[in-house]
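The structure appears below as structure tokens.
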Amino acid sequence: MIPDLLPLKPYLRETVWGGRNLGTHYNKALPPDVPIGESWEVSAYKGMESIVADGPLAGQNLSDLVATYGTDLLGQRVIQRYGTEFPLLIKLLDARDDLSIQVHPDDTYTRAKNLGTYGKTEAWYVLKSDHGRVACGLKHGVDKHSFESSIRENRVQDTVQFFDVQEGDVIFVPPGTVHALCQNVMIYEVQQSSDLTFRIYDYNRPGTDGKPRELHIDHALDVIAFDAPVPEPRNSRHETNTTLVGSEDTEYFRLERFAPLTTLQHIYPTFAALTILTGQARLNKTHTAQTGDTFFIPANRTVTVSPEEQVEYLISSCG
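Encoded structure:
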């Protein structure tokens, strides 16, 4: 029997651009003196799985649960489409420094090049921003020829659109979009379960091993959507109990934000994941959920959220 709620312990990933704010702001138990850029809150990615933190399934990773419980855990619709391959990856990111300027492929390109099963469609919700910005999309008039020239001439940053961001901004990033998270920004990210990134520019800096990180120029030029509209940030701070990313945006996932003053109930036909951004609440009268906590919700299970103070949380579910 699967519990109605599974509190998860994340996989913490060291990055050259990471910092310490995931511990300071979201109560993650960071290893000392290591720059942690990513907290993989919900992950069945091999070797980087999240783990059940307590209860009868404590210590089991998400991959094992998917293999054992299948439809009961994920929902019939997910199993029909993906089998027992877990389709989503949910992270918290802390950018102490700029991330590489990069692009992700779609499913078709990924499979055609034998690079994996899934491309990477993703969406960001800005958690913190200290005068921060993001790169998203190319400037008007930049085509493949001019972009190749900018790479050769070490001026890629001149071709990219930058946007100032603030807490509550939502940015949907489809495959083919040149993008980068910049310093002093923290985000919640929901994406397809893929770690496939084509780096275009990395500021000529060394990686965590002291060596320059690999660039993937040929792949990047293949997948960049030069004629696509630029995805601009949209602020959602004045929207409560609302869908931030839905079926009109992507077939892969749904992202919702809630800031209830009274008890709310949620039930989904697929699995879902709930992450507390601020405040504290009781979930199903069995768990106290605090800032930074993430809970996995199996398919077709009812979750009751009872605020104990002002609370804000996000729920991601499968599209």
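Sequence positions in the sequence shown follow this note's numbering and run 1 to 319. All C-beta atoms in this analysis are idealised placements derived from N, C-alpha and C, irrespective of residue type, glycine included.
What residues are listed by DSSP as bridge partners for residue i?
| i | result |
| --- | --- |
| SER306 | ARG282 |
| LEU264 | VAL305 |
| ASN61 | ILE51 |
| ALA272 | ILE297 and SER317 |
| HIS179 | GLN102 and CYS136 |
| PRO36 | A small fix is needed here, since residue 36 is Ile in this sequence, not Pro. Bridge partners of ILE36: GLU14. |
Assign residue i to buried or exposed, taking buried as 16 or more other Cβ atoms, counted over all protein chains shown, within 10 Å of its Cβ.
| i | result |
| --- | --- |
| GLY59 | exposed |
| GLU41 | buried |
| GLY246 | exposed |
| ASN154 | exposed |
| ASP164 | exposed |
| PRO175 | buried |
| SER100 | buried |
| THR110 | buried |
| GLU309 | exposed |
Take residue i and list the residues in its own chain whose beta-carbon comes closer than 8 Å to its own, dropping the five residues that flank it on each side.
| i | result |
| --- | --- |
| LEU274 | HIS266, LEU283, ALA289, THR294, PHE295, ILE297, VAL303, VAL305, TYR313, LEU314 and ILE315 |
DSSP state of residue i, grouped into three classes?
| i | result |
| --- | --- |
| GLY23 | helix |
| LYS144 | helix |
| ILE224 | coil |
| TYR73 | First, the amino acid is wrong: residue 73 is Leu here, not Tyr. Three-state result, LEU73: helix. |
| THR243 | strand |
| ASP94 | strand |
| SER150 | helix |
| TYR109 | helix |
| THR68 | helix |
| ASP249 | coil |
Using a Cβ-Cβ cutoff of less than 6 Å, which residues in the same chain neighbour residue i once the five nearest sequence positions on both sides are dropped?
| i | result |
| --- | --- |
| ARG237 | GLY168 |
| ASN184 | ASP130 and GLY132 |
With a threshold of 7 Å on Cβ separation, who are the neighbours of residue i within its own chain once the five nearest residues in sequence on each side are excluded?
| i | result |
| --- | --- |
| VAL156 | ILE101, SER150, ILE200 and TYR201 |
| ARG96 | TRP17, GLY18, GLY19, PRO35 and GLN183 |
Count the C-beta pairs between the region 98-109 and the region 43-50 that are closer than 8 Å, then say yes if the count reaches three, no if not.
-> no
Segment contact flag, the region 31-41 with the region 1-20, C-beta cutoff 8 Å, min 3 pairs = yes
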